[in-house]
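Numbering (UniProt numbering), first residue to last: 1 to 277.
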């Protein structure tokens, strides 16, 4: 079992500060990055927790269970090592966090990544796309029964939260030589599009069709990807020739606009560098 503690009570915070080591506080509260702030935690923990409690939750699993070994690596440690590897762009450490037969299912992609090679290619592209200043900020880590953990996170640019980058990931680990590595992962990312009531209306229509055509529903649920692929092939043969020309022109226009905007930004940066050194 696992439990989540929102640190607002004075009694609870004192107990947590007593049990938690300084490095764990440092990881959970990215604002506490300097030695002076860490000393402040040691000297007056209640004051510091009250200061940061409004923006951070500390999630506690049952680490005090009798059958827990003091030196055993927890899911929390494995999760923090994984995100630290991404933030620090440490490819070797990142590779050591993933099992050879891992299964990474990011719901933003049409297909999951199977095996270490596909997973590492995905994470390498992710690290490149984050640039130098974007970092993962872990909000909550909740450990479950066995080797599993759930994580809430978001992205930050130079310590400032980026809109529409909240996410939730679920990890299952296996023990490889005394260390926990990720074997299965499910990643859900916040969508910038908020359909709201449209989602419920769509669900209502789908359930109506399922109830009216149960055999068709069973066929679809048994092989959803095959039916979707068939629909895509039909679209490619009959509708794509009519739509592709319009879409190609539209995409080309968007690409030209993006290049023009980037050119303007580069010119502004050069002018600023010339006159405001």
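Quick reminder that beta carbons are idealized off the backbone N, C-alpha and C, glycines included.
- The C-beta separation of residue 83 from residue 136 comes to about 5 Å, placing the pair in contact by the 8 Å criterion.
- Residue 172 sits in a strand when the DSSP states are folded into three classes.
- Between residue 78 and residue 181, the alpha-carbon positions lie close to 7 Å from each other.
- Exclusion of the five residues before and after residue 171 leaves 149, 182, 185 as the residues of its chain whose Cβ lies within less than 6 Å of its Cβ.
- Between residue 179 and residue 73, the C-beta spacing is below 7 Å.
- Residue 198 and residue 206 have their C-alpha atoms spaced approximately 12 Å apart.
- Checking the DSSP bridge columns, you'll see residue 106 partnered with 187.
- Excluding residues up to 5 positions away in sequence, nothing lies with its Cβ nearer than 6 Å to the Cβ of residue 247 in the same chain.
- When DSSP states are grouped into helix, strand and coil, residue 160 belongs to the strand group.
- At the C-beta level, residue 152 and residue 139 come within 7 Å of one another.
- For residue 258, the number of other beta carbons within 10 angstroms of its own is below 16, and it is reported as exposed.
- When the beta-carbon positions are compared, residue 166 and residue 190 come within less than 7 Å of each other.
- Minimum Cα-Cα distance from residue 175 among the listed residues 251, 270, 256, 100 corresponds to 100.
- By the Cβ neighbour-count rule, residue 225 is exposed, with fewer than 16 other Cβ atoms within 10 Å of its own.
- Per DSSP, the continuous beta strand (DSSP E) segment holding residue 143 begins and ends at 134–143.
- Around the beta carbon of residue 249, fewer than 16 other beta carbons sit within 10 angstroms, so the residue counts as exposed.
- DSSP, read as helix, strand or coil, puts residue 147 in coil.
- The alpha-carbon of residue 218 is positioned some 42 Å away from that of residue 81.
- By the criterion of a C-beta distance shorter than 8 Å, residue 103 is surrounded in its chain by 112, 113, 114, 183, 184, 185, once the five residues flanking it on both sides are discounted.
- For residue 130 and residue 270, the gap between their C-alpha atoms comes out near 23 Å.
- With fewer than 16 other Cβ atoms inside 10 Å of its own Cβ, residue 208 counts as exposed.
- Counting along the chain, the unbroken alpha helix (DSSP H) around residue 199 starts and ends at 197–212.
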